[in-house]
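Trainee: Please see the structure below; I have some questions.
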Amino acid sequence: MVNIRFKARGLRVHLDPAAEPVWDDDGLKPVLGLSVPVDRDTLIRHWYVHRIRLDSVGTARQVRIGTEAFARTTEWFSLDDCEMTDRGLTTLAVEQIVRSRSTPPPSQWAAVETKKPVPSTEARRRLLFFHLDKAVAARDSKQVRRLLKRAKVTAGSDRTEKENNIADAAADYLAERDQNRKNRATARKSNAETITRPRPQSTNDAGRQGGRCLCTRK
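In terms of this note's numbering, the sequence shown opens at residue 78 and continues consecutively.
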């Protein structure tokens, strides 16, 4: 069992498959290793569980968080796609699961909701597009890419015209940025080829080969 800090909140990582995870202790839902078993009743009671794995990316190791739920395949996300909310660690899959449920689970969620009501789906969507619009204005490509991905998942055909315009502007900004990067890469490659290309041999250079001068004395 390892307790770590993540985005000003705590994460409890449970990696030992031989020990039973501790649920709802101090308000922390454990993040389980791949080999830690979870029974059907636990998945149904808690709606979902998070798992953790390390992927090799070149010589580095990248942390991935997976959201597992009953009758759903586990979806994996990078840490940049995860957030800390009133429910704890949250992924795009968690948002979909929560929206699909009509009654609250018998856990600490109910106590949290009595203290601070969870915003409606429409309110969360407005907030999402507000931050997306700000990210585009700030030219923050990483934030734009992350928020646009969330917007595509959480907001469908019921977008307002303003939200569609914000999404289109975000997509255009990313497309323009990607194209500029390609253009710069092409220009660098072209410059490198120009520098390394052999210089054509002049007549005077050819005449000096072998130490002989082919100039004609008048």
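Ideal Cβ positions, reconstructed from N, Cα and C, are used throughout, including at glycine. A quick note: this is a predicted structure, and the numbers were derived from the prediction, not measured.
1) Leaving out five residues on either side along the sequence, give the residues of the same chain with a beta carbon under 6 Å from the beta carbon of G110.
2) In angstroms, rounded to a whole number, what distance separates the CA positions of R138 and D157?
3) Quick check: what's the CA-CA separation for V221 versus F147?
4) Below 8 Å CB to CB, which residues in the same chain sit around D116 once its five sequence neighbours on both sides are set aside?
5) Would W153 and R164 qualify as a contact pair, given that the criterion is a beta-carbon distance under 8 Å?
6) Taking 6 Å as the limit between beta carbons, can you name the residues of its chain near V230, skipping five residues before and five after?
7) Just how far apart, CA to CA, sit T191 and S177?
8) Which residues share a DSSP beta bridge with T162?
9) By alpha-carbon positions, which one of I243, T144, A95 and P107 ends up nearest to F207?
10) Where does D210 land, buried or exposed, given buried means 16+ other C-beta within 10 angstroms?
11) Please return the same chain residues whose Cβ sits closer than 8 Å to the Cβ of V99, not counting the five positions on each side in sequence.
12) Which residues bound the beta strand (DSSP E) around D118?
13) So if DSSP puts E172 in a beta bridge, which residue, or which two residues, is it bridged to?
14) With burial defined as no fewer than 16 other Cβ atoms inside 10 Å of the residue's Cβ, what is the status of L131: buried or exposed?
15) Between R128 and T151, is the Cβ-Cβ spacing less than 8 Å?
16) So what does S155 bridge to, in DSSP terms?
17) Buried or exposed: which applies to G143, given that a residue is buried once 16 or more other Cβ atoms fall within 10 Å of its Cβ?
18) Using 8 Å as the threshold, is the C-beta distance between L46 and R227 below it?
19) According to DSSP, is T237 helix, strand or coil?
20) Using the Cα positions of N241 and R203, report the straight-line distance between them to the nearest angstrom.
21) Where A200 and R265 are concerned, what is the direct C-alpha to C-alpha distance, given to the nearest angstrom?
Mentor: Taking the coordinates as given:
1) Numbered from its first residue, the sequence shown carries residue 110 at position 33. The residues are L92.
2) For the purposes of this step, residue 138 is taken as the residue at position 61 of the sequence shown. For the purposes of this step, residue 157 is taken as the residue at position 80 of the sequence shown. Spanning the alpha carbons of R138 and D157 requires a straight line of approximately 15 Å.
3) Start at 1 with the first residue of the sequence shown, and residue 221 comes out as number 144. Start at 1 with the first residue of the sequence shown, and residue 147 comes out as number 70. Rounded to whole angstroms, V221 to F147 spans 32 Å at the Cα level.
4) Stepping through the sequence shown from its first residue, residue 116 is reached at position 39. Counting only Cβ-Cβ distances below 8 Å, and skipping sequence neighbours, we find nothing.
5) Counting from one through the sequence shown, the residue named residue 153 turns up at place 76. Counting from one through the sequence shown, the residue named residue 164 turns up at place 87. No, the pair does not count as a contact, with Cβ atoms beyond the cut-off.
6) As a first step, residue 230 is located in the sequence shown; it is residue number 153 there, counting from the start. Here V230 has L169 as same chain residues with Cβ atoms under 6 Å from its own Cβ, once five neighbours each way along the sequence are excluded.
7) By 1-based counting over the sequence shown, the position of residue 191 is 114. By 1-based counting over the sequence shown, the position of residue 177 is 100. Any reading at T191 is ruled out, since the residue's pLDDT is 48, under 50, leaving its predicted position unreliable.
8) Mapped onto the sequence shown, residue 162 falls at position 85. Here T162 is bridged, per DSSP, to G165.
9) Indexing the sequence shown from 1 puts residue 207 at position 130. Considering only I243, T144, A95 and P107, the residue with the shortest C-alpha distance to F207 is I243.
10) Counting from 1 along the sequence shown, the entry for residue 210 is found at position 133. By the neighbour-count definition (other C-beta atoms within 10 Å, threshold 16), D210 is a buried residue.
11) Locating residue 99 in the sequence shown gives position 22, where the first residue counts as 1. Closer than 8 Å at Cβ, skipping near neighbours: M78, R89, H91 and P107.
12) Taking the sequence shown and counting its residues from 1, the one referred to as residue 118 is at position 41. Unbroken run through D118 is the alpha helix (DSSP H), R117 to H123; no beta strand (DSSP E).
13) Counting from one through the sequence shown, the residue named residue 172 turns up at place 95. Paired residue(s): none; E172 is not in a bridge.
14) Position 54 of the sequence shown, counting from 1, holds the residue named residue 131. With fewer than 16 other Cβ atoms within 10 Å, it is exposed.
15) Residue 128 sits at position 51 when you count from the first residue of the sequence shown. Residue 151 sits at position 74 when you count from the first residue of the sequence shown. Yes, they are a contact pair.
16) Here residue 155 refers to the residue found at position 78 when the sequence shown is read from its first residue. In DSSP, S155 forms a bridge with R141.
17) In the sequence shown, the residue the question calls residue 143 occupies position 66. When all chains shown are included, G143 counts as buried.
18) The chain is shown only over 78 to 295; residue 46 falls outside these bounds and no answer can be derived.
19) The sequence position of residue 237 within the sequence shown is 160, counting from 1. Reduced to three states, the DSSP call for T237 is coil.
20) Numbered from its first residue, the sequence shown carries residue 241 at position 164. Numbered from its first residue, the sequence shown carries residue 203 at position 126. Each residue's alpha carbon lies about 12 Å from the other.
21) On the sequence shown, residue 200 is found 123 positions in, with the first residue counted as 1. On the sequence shown, residue 265 is found 188 positions in, with the first residue counted as 1. Near 46 Å, if we compare the C-alpha coordinates of R265 and A200.
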